[in-house]
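Beneath this line is the structure, given in structure tokens, with notes to follow.
Residue numbers (the working numbering): 64 to 116.
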């Protein structure tokens, strides 16, 4: 299971599991094909992909 939490762009660590952004940011692109981000998101927000048990 992945942590999977959405973090603000300004965070350098995941607020749930504490992982460093650079270590566990997957290949998730938060921008859509039209250059927009999902509702409630801002450019640079990221999803933690650290495996947790």
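All C-beta atoms in this analysis are idealised placements derived from N, C-alpha and C, irrespective of residue type, glycine included. Every value quoted in this text rests on a predicted model; they were computed, and no experiment measured them.
Query	Result
Bridge partner(s) assigned by DSSP for residue 115	Per DSSP, none; premise fails for residue 115.
Own chain residues within Cβ distance below 7 Å of residue 80, not counting five before or after	66, 111, 113, 115
Bridge partner(s) assigned by DSSP for residue 109	70
Residues sharing a beta bridge with residue 76, DSSP	83
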